[in-house]
Amino acid sequence: MSVAAGLATAAWRRYRAGRQRRTSPVLIASAAVIVLATFVAVAGPLLAPYNPDLPDLSQYFVGPTPDHLLGFDAQGRDVLSRLLVGARTSMLGPLAVTLMCMTLGSLLAVTAAWRGGIIDAFISSGLDILFAFPGILLAVLAAAVFGAGLLAPVLALSVAYTPYVARVLRGAALRERAQPYIAALEVQGASSVAICLRHLIPNMLHLIVAQATTLFGYAMVDLAAISFLGLGVQPPSADWGVMVSENQQGIIQGFPIPALAAGVCIVFVVIAFNLLGERLYERGEARR
Amino acid sequence: MGPAESVHLRFFVRRLAMLLVSLLVASFVIFAAIYLAPGNPIAALSGGRSLPPDSLHVLEARYHLDQPFIVQYWYWLSNAFHGNLGISITLRENVSDLIASRISTTAGLVLYSSILIIVIGVGLGILSGFKRGLLDTSTLVITAISASLPAFVAAIVLILVFAVQLQWFPSLGNGVGFIDQVRHLTLPAFALAVSSLAIVARVTRAAIREEARREHVQTAVSRGIPTAELIRRHVLRNAAIPITTISGITVASLIAVAAVVEVVFGLAGLGAYLVQSAQSKDLAVVQGISLLLVTTFVVMNVLVDVLYAVLDPRVSLGSRAQ
Numbered sequence: 005m006s007v008a009a010g011l012a013t014a015a016w017r018r019y020r021a022g023r024q025r026r027t028s029p030v031l032i033a034s035a036a037v038i039v040l041a042t043f044v045a046v047a048g049p050l051l052a053p054y055n056p057d058l059p060d061l062s063q064y065f066v067g068p069t070p071d072h073l074l075g076f077d078a079q080g081r082d083v084l085s086r087l088l089v090g091a092r093t094s095m096l097g098p099l100a101v102t103l104m105c106m107t108l109g110s111l112l113a114v115t116a117a118w119r120g121g122i123i124d125a126f127i128s129s130g131l132d133i134l135f136a137f138p139g140i141l142l143a144v145l146a147a148a149v150f151g152a153g154l155l156a157p158v159l160a161l162s163v164a165y166t167p168y169v170a171r172v173l174r175g176a177a178l179r180e181r182a183q184p185y186i187a188a189l190e191v192q193g194a195s196s197v198a199i200c201l202r203h204l205i206p207n208m209l210h211l212i213v214a215q216a217t218t219l220f221g222y223a224m225v226d227l228a229a230i231s232f233l234g235l236g237v238q239p240p241s242a243d244w245g246v247m248v249s250e251n252q253q254g255i256i257q258g259f260p261i262p263a264l265a266a267g268v269c270i271v272f273v274v275i276a277f278n279l280l281g282e283r284l285y286e287r288g289e290a291r292r
Numbered sequence: 032m033g034p035a036e037s038v039h040l041r042f043f044v045r046r047l048a049m050l051l052v053s054l055l056v057a058s059f060v061i062f063a064a065i066y067l068a069p070g071n072p073i074a075a076l077s078g079g080r081s082l083p084p085d086s087l088h089v090l091e092a093r094y095h096l097d098q099p100f101i102v103q104y105w106y107w108l109s110n111a112f113h114g115n116l117g118i119s120i121t122l123r124e125n126v127s128d129l130i131a132s133r134i135s136t137t138a139g140l141v142l143y144s145s146i147l148i149i150v151i152g153v154g155l156g157i158l159s160g161f162k163r164g165l166l167d168t169s170t171l172v173i174t175a176i177s178a179s180l181p182a183f184v185a186a187i188v189l190i191l192v193f194a195v196q197l198q199w200f201p202s203l204g205n206g207v208g209f210i211d212q213v214r215h216l217t218l219p220a221f222a223l224a225v226s227s228l229a230i231v232a233r234v235t236r237a238a239i240r241e242e243a244r245r246e247h248v249q250t251a252v253s254r255g256i257p258t259a260e261l262i263r264r265h266v267l268r269n270a271a272i273p274i275t276t277i278s279g280i281t282v283a284s285l286i287a288v289a290a291v292v293e294v295v296f297g298l299a300g301l302g303a304y305l306v307q308s309a310q311s312k313d314l315a316v317v318q319g320i321s322l323l324l325v326t327t328f329v330v331m332n333v334l335v336d337v338l339y340a341v342l343d344p345r346v347s348l349g350s351r352a353q
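Chains as they are written, first to last, in this note's numbering: chain Z, 5 to 292; chain R, 32 to 353.
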């Protein structure tokens, strides 16, 4: 196991430990932001007051009016409508990364911890090698080869994040595997798959959920960056990362609202996921 | 050579072997990805014109396209090892030359950001670690927010405030001459540093709190050792280990994120060039830059590991106990 990676985890735990325990209003606020963002991602097109894709160049960067609360973007489209509709791809991408990464990571972690020996060594060194690829770089490479769009970067990020997830889960699975109740089940003749699925994984669930929550935030930042770079979601589709890039010129020209509004949406959701992830992690640790 | 040194040596050798394997696998992935990419390299070379069979064979032989995959990989890798990364399809120049002309911008940006992260991040962490109160609380709140700030959002906010409103710094381009270049790199460096800086500050703060609680520090306090010496000799020396490693790891991760910042600020760096080449499907450039960035990233991570083993003798003691 590479020391740097293990240290990153230890440092991360320290970073989390720095948080104070009481403030549950933060937890409620985070959950509220996530619920709201999810709702908009599902119902966005129904909520949008105007057509998000209809350009009107006479409305170039026109500021907020009572009818158009956030004004118009560089192509004269309603910013609020684009934000509401763009929530879908902005949330769906990270969700896909999280699901794939957690499935792959749990599978590898539990297999490595359960079988041990040469299989563990093989999986662990494979994960160490995978650490060589920074997520964004792998996503850019994937987009270059397989074409821009959401699919290639999502797959690339899922692969790039798997070692981070699998490393933590492998440690937890090893600890769980050493518990007497697992040995008891084995003596009673329960099959390995049944023990893992019914007992081992459910007992690690708090950690899996906490990891998934934090991972969602990271995936959102990276996917938004990829879309911002023009390699992810393609314009004219509404997406928060794309919106920052489309309206970047407005920052210099004195019309900052469209780009900032999309940026604020990303930051709020990411903060909410990070804070929630930290709290879930602490609760899991406290329960152990 | 005592047993401690031999354990150290074995650790370094194992780490070096892992480094080589990582680089080999990474280079293989980069080559294979481009090899599998849709599109015919001959068509790219000829600019889409159809060629007579004779020149086709000549081209195939020259670029080893008639050889099996693994042989092509070997040619590519040994060429890359000699600094020959092929030719850019769009610019018709050597990829190595194109990389060389852009490397200083990226290196400068990452270096500037690293200095900010280490000076401000560690400084803030130490201050808020030792002093409870308003500074500590505000550091906690601000770092909680900025740790979640994507670099490109930080960038547009910095442009809005410091380039458009206050007009202290330029928002675009590289600049000419050293002072002007530093001025042009200031906002990009802060944008790149901001989230890592927050993480480093928080880890530093937590490490110092953890050390200050330890028994040997309490004993030193009760023996009446002066505060300055206490902080320097008992707290900072032990806290230095996690602080150094988190700084190293975050600085290594800047290499990839620099691309985003370079694009926002229109800097002619490697990352921006990588993105541009990815968009125009100039795959030789994508290969070359990816290989360089991954190599740098892996080497830096190994350096952090080695530094850790040097700083903390318990690493090798632990492996001896096995």
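Glycine is no exception: its CB is placed at the ideal position from the N, C-alpha and C atoms.
In the DSSP assignment, aspartate 82(Z) is bridged to Phe76(Z).
Two segments are said to touch when three or more pairs of C-beta atoms, one from each, lie closer than 8 angstroms; by this definition the region 164 to 172 of chain Z touches the region 100 to 107 of chain Z. Boundaries of the alpha helix (DSSP H) harbouring arginine 179(Z): 155 to 181, taken from the DSSP string. Within chain Z, no residue has its beta carbon less than 8 angstroms from that of phenylalanine 100(R); the closest one is some 15 angstroms off. Selection Gly206(R), Val282(R), Leu90(R) and Leu82(R) evaluated against valine 141(R) yields Val282(R) as nearest (Cα-Cα). Here glycine 267(Z) is buried. Its C-beta has 16 or more other C-beta atoms within 10 Å.
Among the residues of the region 213 to 233 of chain Z, those with a Cβ less than 8 angstroms away from any Cβ of chain R are Gly221, Val225, Ala228, Ala229, Phe232 and Leu233, in the order of the chain.
Chain R places a beta carbon closer than 8 angstroms to that of isoleucine 140(Z), counting this residue as a contact. In the assembly as shown, glycine 121(Z) is an exposed residue. Its beta-carbon has fewer than 16 other beta-carbons within 10 Å. Excluding sequence positions up to five before and after leucine 216(R), its CB lies within less than 7 angstroms of the CB of Gly139, Leu140 and Tyr143, all in the same chain and listed in chain order. The CB of valine 291(R) comes closer than 8 angstroms to the CB of Ile140, Ala229, Phe232 and Leu233 in chain Z, given here in chain order. Beta-bridge analysis with DSSP links isoleucine 118(R) to Asn125(R).
Within the region 173 to 194 of chain R, contact with chain Z at the beta-carbon level (separation under 8 angstroms) is assigned to Ala175, Ile176, Ala178, Ser179, Leu180, Pro181, Ala182, Phe183, Val184, Ile187, Val188, Ile190, Leu191 and Ala194. A check of alpha carbon separations from glutamine 253(Z) across Val37(Z), Val30(Z) and Phe65(Z) identifies Phe65(Z) as the nearest.
Under the three-state reduction of DSSP, glycine 319(R) is assigned to helix.
Sixteen is the threshold: when 16 or more other Cβ atoms of the shown chains lie within 10 Å of the Cβ of glutamate 282(Z), as they do, the residue is buried.
Residues of chain R whose Cβ lies closer than 9 angstroms to the Cβ of aspartate 71(Z) do not exist; the shortest such Cβ separation is about 26 angstroms.
In this structure, DSSP gives histidine 113(R) a state outside helix and strand, which the three-state scheme calls coil. Distance between valine 60(R) and tyrosine 94(R), taken at the CA atoms: about 20 angstroms.
Taking methionine 95(Z) as the centre and dropping the five residues before and after it, the same chain places the C-beta of Ala41, Thr42 and Ala45 closer than 7 angstroms to its C-beta, in chain order.
Per DSSP, the unbroken alpha helix (DSSP H) holding tryptophan 244(Z) starts and ends at 244 to 250.
Residue contact with chain R for aspartate 77(Z): absent (no Cβ-Cβ distance below 8 angstroms to any residue of chain R). When Cβ pairs closer than 8 angstroms are counted between the two stretches, the region 214 to 226 of chain Z is seen to touch the region 270 to 287 of chain Z, the count reaching three or more. For alanine 41(Z), the nearest beta carbon of chain R is not closer than 8 angstroms to its own beta carbon. By the rule that beta-carbons nearer than 8 angstroms mark a contact, serine 202(R) touches chain Z.
Only exposed fits threonine 250(R), as fewer than 16 other CB atoms lie within 10 angstroms of its CB.
Note on geometry: alpha-carbon atoms of phenylalanine 328(R) and alanine 136(Z) lie some 7 angstroms from one another. When C-beta atoms of the region 301 to 310 of chain R are compared with those of the region 142 to 156 of chain Z, three or more pairs fall below 8 angstroms, so the two segments count as touching. By the criterion of a C-beta distance shorter than 7 angstroms, alanine 111(R) is surrounded in its chain by Leu322, once the five residues flanking it on both sides are discounted. Shown here, valine 66(Z) sits in coil according to DSSP, grouped into three states, outside any helix or strand. Between the region 56 to 76 of chain Z and the region 133 to 147 of chain Z, the count of Cβ pairs shorter than 8 angstroms is below three; the stretches do not touch. Within chain Z, the residues Val144 have their CB atoms less than 7 angstroms from the CB of leucine 305(R), given in chain order.
DSSP, reduced to helix, strand and coil, places histidine 39(R) within a helical segment of the structure shown. The Cβ of leucine 323(R) sits no closer than 8 angstroms to any Cβ of chain Z. Around leucine 189(R), the same chain offers Leu218, Phe221 and Ala222 as residues with beta carbons nearer than 7 angstroms, after the five sequence neighbours per side are excluded.
At a cut-off of 8 angstroms between C-beta atoms, isoleucine 38(Z) does not count as an interface residue with respect to chain R.
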